[in-house]
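First the structure, in the form of structure tokens, and then the observations on it.
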Amino acid sequence: MRRQRREGSGTGRAAMLGVLLSLLCLNGCHSLSEQNPVTEAAQGEVTEESEETGQEEQEARALRRDAAQQEARKKSDTGAARSGQKKKGETEKGQPREESVPEGSEKAVDATQEERQSGRFRIVNAALLAEDYDEVLPYSAELRFEEAGLESMELWQLRRAINEIYARHGRQFRNEGQRRYFESRSWYQGNVPVEQFQDSVLNSIEQENLKKLQRVLDRRVGGRSIPETESAAIHFLNEGGVNGFLWARFSSVEGYPFSIAEIVYQMEDESVPWEKVFAAVEAEDGRLATDVSYVTTKKLDALLKRVTGFGISEKRWTWDAGYLPALDVYYMVHGDTNHVVFIGELIEMDGEEVQILCYPLYTYEETPFVVTLLRNEKDFRFVSIADVVDDPGSHAETGG
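The opening position of the sequence shown corresponds to residue 1422 in the working numbering, with each subsequent residue numbered one higher.
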């Protein structure tokens, strides 16, 4: 698979630290009120110390964390500047949005909500996905987070943060995307089957944070089912012919000349007997010792229109498959398969747009990529496919 790798810029880590700083800031600010939820949690955990000592220790820990994360953010921003990337907040039309580091929690939340309402919130932060940090919310077992601070998190971060709380206690996962993610974490044990896991192992802080994270996630998806949408989208991407589109990288369906060969490679049209196609190909190309995939013009046109919105005559395609005029069939002679095997994880649902993060398997180049789809009732159409690289503005179109 034709993919690109780039050196890490640090922008993703800065964005993730920004989210965590926002959450910690909210907890720190909340401590100025009459009751500090973090202190209350500490009182329940630390029984040998006085209430006053426990509060001082919690405040000191929070200050140390803030200082360390601010230093890390400075280093990360310096790295981004040296690499020549845009500063946070500088975006171009059609480019993925970079996550800004929140200066104040309310401002960050308002900006995110306004962006969604205006319809501009579409593409996830690719730099943040590319940054392979080990935890989403490292302190979710120690600090009670405010819901407002969680609003600026991406949908995929919310999903992982919820499951991260369970994962720390060794819970296994049935969902392939979540299982693949946590099995790649250095700290994950995964020794408790789902049916044997007991919520009683969670402390009060974890239980409260779970409820807050789930409420934010529920509001984000507006009553739609993440498992159902994820399953339907992954099934769509595994269909014969549709899966052939996964070899392309594009930011515009209309402007990209998709390879017809990659699509026909995966198809067999039962309306035409295989023996007729095989005989016709042998007559044209000589004796065959391999397999033949094929599809009629009518069926190919229907598939192209269904998954891109454009038929054969409505846009430019790369006509690199063979053609049999007598049967009106496009064909590909091959000895293996071009089916892209992957593990998928739903990472965004915004309006009718759905994004699936795909981890390719059994290939020499295992760079993950994001597929953006437009859902139309129970079916989907392609919007874009982009490799997950450290530069969120990279939508290099290859092939064709």
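Here a beta-carbon is modelled for each residue, glycine too, at the ideal position from N, C-alpha and C.
C-beta atoms of residue i and residue j nearer than 9 Å
i	j	result
Glu1769	Leu1795	no
Leu1658	Ile1764	no
Ala1698	Val1750	The identity of residue 1698 in the sequence shown is Val, whereas the question assumes Ala. Yes, they are a contact pair.
Arg1861	Leu1631	The structure shown does not extend to residue 1861, since the chain spans only 1422 to 1821, so no value can be given for it.
Gln1599	Asn1584	yes
Glu1786	Tyr1780	no
Thr1784	Leu1748	no
Tyr1752	Ser1692	no
Alpha carbon of residue i to alpha carbon of residue j, nearest angstrom
i	j	result
Leu1725	Asp1712	23 Å
Ile1626	Asp1690	57 Å
Ala1807	Arg1589	31 Å
Lys1799	Trp1668	24 Å
Ala1562	Ser1672	40 Å
Ala1654	Leu1745	33 Å
Pro1648	Leu1721	30 Å
Glu1575	Glu1696	52 Å
Lys1736	Gly1676	8 Å
Asp1620	Glu1660	38 Å
Gln1610	Ser1646	28 Å
Ser1605	Glu1705	50 Å
Gln1578	His1656	23 Å
Tyr1587	Gly1644	23 Å
Gln1628	Leu1564	11 Å
Glu1368	Pro1694	Given a span of 1422 to 1821 for the chain in the structure shown, any question on residue 1368 remains unanswerable.
Thr1758	Ser1734	28 Å
Ser1652	Tyr1554	26 Å
Val1642	Ser1573	14 Å
Ala1502	Gly1756	Because the pLDDT of Ala1502 is 35, which lies under 50, any placement of that residue in the model is unreliable, and the number read from its coordinates should be weighed accordingly. Their backbone Cα atoms lie some 48 Å apart in a straight line.
Asn1624	Tyr1560	13 Å
Cβ-Cβ separation, residue j to residue i (assumed contact under 8 Å), whole Å
i	j	result
Gly1730	Arg1802	6 Å
Pro1678	Trp1738	6 Å
Ala1723	Ile1681	About 14 Å; that fails the 8 Å criterion.
Tyr1684	Gly1662	With the sequence shown as reference, residue 1684 is identified as Ile, and Tyr is not the correct amino acid for it. Right, their Cβ atoms sit about 5 Å apart.
Val1622	Phe1666	Wrong, their Cβ atoms sit about 44 Å apart, outside the cutoff.
Neighbourhood of residue i by C-beta distance below 6 Å, restricted to the same chain and skipping five residues each side
i	result
Leu1558	Ala1582
Trp1740	Ile1681
Phe1618	Arg1592
Tyr1602	none
Lys1719	none
Ser1452	Confidence in Ser1452 is poor, its pLDDT being 36 and thus under 50, which makes the residue's placement too unreliable to answer from.
Phe1594	Arg1600
Glu1597	Ile1764
Arg1640	none
Residues of its chain near residue i, where Cβ-Cβ distance is below 7 Å and the 5 sequence neighbours each way are ignored
i	result
Lys1633	Phe1566, Glu1568 and Leu1571
Asn1664	Leu1658, Gln1687, His1760 and Val1761
Gly1732	Asp1722, Leu1725 and Lys1726
Bridge partner(s) assigned by DSSP for residue i
i	result
Gly1765	Cys1779
Arg1589	Paired residues: none, contrary to the question.
Asp1808	Phe1790
Lys1755	Reading off the sequence shown, one finds His at residue 1755, where the question assumed Lys. Paired residue(s): Asp1712.
Glu1689	Tyr1715
Met1770	Val1775
Leu1549	Leu1549 pairs with nothing; no bridge assigned.
Tyr1744	Tyr1751
Own chain, CB closer than 8 Å to residue i, minus 5 neighbours either side, in chain order
i	result
Thr1650	Leu1767, Met1770, Val1775 and Arg1796
Val1804	Val1674, Glu1774, Thr1793, Leu1794 and Leu1795
Leu1709	Phe1699, Val1702, Glu1703 and Val1754
Val1809	Ala1547, Leu1550, Ala1551, Leu1778, Thr1788, Pro1789, Phe1790 and Val1791
Leu1782	Val1762, Phe1763 and Ile1764
Minimum Cβ-Cβ distance from residue i to chain D less than 9 Å
i	result
Glu1766	Among the chains in the structure shown there is no chain D, since it carries only a single protein chain.
Any non-hydrogen atom of the ligand HEM within 8 Å of residue i CB
i	result
Arg1601	Among the ligands in the structure shown, none appear at all, so the ligand HEM cannot be discussed.
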